[in-house]
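Asks: Protein chains in written order, with this note's numbering: chain A, 326 to 524; chain B, 326 to 524.
Number of protein chains: 2
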Amino acid sequence: MTAETAAQDAPDRPSRRPMRADARRNYERLVEVATESFLANGPNASLDEIAKRAGVGPGTLYRHFPTRDDLLDAVCARWVDTVAADARPLLEATEPAAALREWLVKLVDHVGEFKGLASALLLSGDRKHETAGVLHHTSEELIERAKASGEIRPDVTVTEVMQLTSGVTYACGSAKQMNKPGSSPERLIGLIMDGISTR
Amino acid sequence: MTAETAAQDAPDRPSRRPMRADARRNYERLVEVATESFLANGPNASLDEIAKRAGVGPGTLYRHFPTRDDLLDAVCARWVDTVAADARPLLEATEPAAALREWLVKLVDHVGEFKGLASALLLSGDRKHETAGVLHHTSEELIERAKASGEIRPDVTVTEVMQLTSGVTYACGSAKQMNKPGSSPERLIGLIMDGISTR
DNA sequence: AACAATACGGAGACTGTCTCCGTTTAGCAA
DNA sequence: TTGCTAAACGGAGACAGTCTCCGTATTGTT
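1. Applying a beta-carbon distance threshold of less than 9 Å, which residues of chain B neighbour Gly507/A?
2. Jot down the residue ranges of each uninterrupted alpha helix (DSSP H) in the segment 329-402 of chain B, minimum 4 residues, whole runs only, in chain order.
3. How far does the alpha helix (DSSP H) with Val430/B in it reach, from first residue to last?
4. Given a cut-off of 7 Å, decide if Trp428/A and Leu460/A are closer than it, judged by their beta-carbon atoms.
5. Does DSSP classify Ser522/B as helix, strand or coil?
6. So Leu442/A and Val400/A are supposed to be a Cβ contact under 8 Å. How far apart are they, rounded?
7. Exposed or buried, what is Asp451/A when buried is set at 16 or more other beta-carbons lying within 10 Å of its beta-carbon?
8. Tell me, please, whether the segment 483-495 of chain B touches the segment 506-521 of chain B by the rule of three or more beta-carbon pairs shorter than 8 Å.
9. Sort Lys505/A, Glu476/A, Ile477/A by Cα distance to Met487/B and report the nearest one.
10. Check whether the Cβ of Val493/A lies closer than 7 Å to any Cβ atom in chain B.
11. Within 8 Å, do at least three Cβ pairs link the segment 462-476 of chain A to the segment 404-423 of chain A?
12. Run through the DSSP bridge pairs and tell me what Ile477/B is partnered with.
13. Helix, strand or coil, according to DSSP, for Thr482/A in the structure here?
14. Do Leu355/A and Ala379/A count as a contact pair if the criterion is CB distance below 7 Å?
15. At the level of alpha carbons, what is the spacing between Arg470/A and Asp434/A?
16. If you reduce the DSSP assignment to three classes, tell me which class Ala418/A lands in.
17. State yes or no: is the beta carbon of Gly437/B nearer than 7 Å to at least one beta carbon in chain A?
18. Just the chain B side, please: which residues come within less than 8 Å of Arg354/A by C-beta, in chain order?
19. Kindly list, in the order they appear in chain B, the residues whose Cβ is closer than 8 Å to that of Gly520/A.
20. Within 7 Å of any Cβ in chain B, is that where the Cβ of Arg393/A sits?
21. By alpha-carbon positions, which one of Thr484/B, Glu465/B, Ala409/B, Gly384/B ends up nearest to Ala348/B?
22. Would DSSP call Val501/A helix, strand or coil?
23. Work out the CA separation of Tyr387/B and Met518/B for me, nearest whole Å.
24. Please list, in chain order, all residues of the same chain as Leu415/A whose beta carbon is under 7 Å from its beta carbon, the five residues on each side excluded.
25. Which residues of chain B have a Cβ atom closer than 8 Å to the Cβ of Leu364/A, listed in chain order?
26. Whole angstroms are fine: how far does the CA of Ser362/A sit from the CA of Asp373/B?
27. On a CA-only basis, which of Thr407/B, Pro479/B, Pro368/B, Gly507/B is nearest Thr392/B? Give me that one, please.
28. Please classify Asp398/A: is it buried, with 16 or more other beta-carbons within 10 angstroms of its beta-carbon, or exposed?
29. My understanding is that Gly507/B touches Thr484/A, with C-beta atoms under 8 Å, so please give their C-beta distance in whole angstroms.
30. Restricting to Cα atoms, I'd like to know which of Asn351/B, Ala418/B, Val436/B is closest to Thr407/B.
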């Protein structure tokens, strides 16, 4: 399921008939407005406000997205497609370890731009939407290739790398928002790469 | 400033005369109740509720702690003394790198127990209360010793280690709360230790 | 005992969450 | 087209949490 089709047979819709036209319109618009709003005001942005700015009543918002997390998920689902596209070329790179490093840095940057909204995604491998799965799967491929080439230790798991990476994301994000410079994602990912490399 | 004395010339009090007896009593009681409440209900526990359970009006709570963060800080200030005590023996250990590793694991465990309340502390080196400073300073000593013994790379900074550690804390915390087992703190800290070790 | 200075506490304004239900609309079938 | 029904809308309003204002009470000092 890609973000584009998400609205049709939306979140866990029991694959019944497609959404009515007006419902779909509102769904789309809500996700759109929510994205702006979350980016501008953080993940606690007022939901009623989002509804208002999308030109619908609160009831409509809550019918489509019963909880804040559901809305957050939908917003992330769009965004994740963009990120995954970034990885495509890396999957064919000639130097797997370097490719992995580059991907992890990109991941941190992307998630960082997206504020704290997406950080949970790195950890959950199997949420409703493939949202998180896409990221997990991409990482998995890159890690397996790097293991195969002998550059990464075979005892390291995908989950571990994702945990460490989400940690870097969190640390960089927090550091920025409290005006503590801290080290760059490149540097921290570098240290992690050193830790998981064969030697 | 230790937690015990915190109430006397409390948060950034312009070192004027000490708190009045009733004020101090309420301050103490509030921190006490807040600790329970945050642990039980997370960092969004209702402040009015805390005030009520401490037997004071909301006004009193807000006079002592103008923002939620101020209260959170006060709660953490108590807790940090406990943690720091754990490090005392490690500072004299004969194997600095092992001691550092042990400390970092302890740190993750402690912060984890304390839910998400304290994770921000690892990153901020110079908050109002020494709260964060204590942790930072302790880590610094352990890291310097490990560098001096040649086991840790000299180019690694304290901040970097704290960033990575807070990341592990975050990752383990999130993983737990969304029922994703993930790897243990020991394992992840181990990978980080590998990354920052000389080879 | 009297008097500042300090602190208390609760009423209430305000903001955000979420639901209920009467009204409207889309889509289909005749 | 028209009429019908399931689907969807949206806003009033109940509720919960935040935070302030200010009249009242307490403390510690002379």
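Even for Gly, the Cβ is constructed at its ideal location relative to N, Cα and C.
Computed from a prediction, not measured in an experiment: that's the story for all the values here.
Replies: In short, the structure shows the following:
1. Leu448, Thr484, Glu485, Met487, Gln488
2. 346-366, 372-378, 383-389
3. 421-438
4. no
5. strand
6. 7 Å
7. Because Asp451/A carries a pLDDT of 46, less than 50, the predicted location of this residue cannot be relied on, and the following value inherits that uncertainty. Classification for Asp451/A: exposed.
8. yes
9. Lys505/A
10. yes
11. yes
12. Ser522/B
13. coil
14. Yes, these two residues count as a Cβ contact at 7 Å.
15. So the two alpha carbons sit approximately 22 Å from each other.
16. In the three-state reduction of the DSSP assignment, Ala418/A falls in the coil class.
17. Gly437/B does not count as touching chain A.
18. Result: empty, since nearest Cβ-Cβ is about 29 Å, beyond 8 Å.
19. Leu516, Ile517, Met518, Asp519, Gly520, Ile521
20. no
21. Gly384/B
22. Before going further, note that residue 501/A is Lys rather than Val in the sequence given. It is helical.
23. Inter-residue distance for Met518/B and Tyr387/B is about 43 Å (C-alpha atoms, whole angstroms).
24. Ala424, Glu427, Trp428, Leu467
25. Those do not exist, as Leu364/A stays about 21 Å from chain B at its closest Cβ, beyond 8 Å.
26. 28 Å
27. Closest in C-alpha terms to Thr392/B, from the list Thr407/B, Pro479/B, Pro368/B, Gly507/B, comes Pro368/B.
28. buried
29. 6 Å
30. Val436/B
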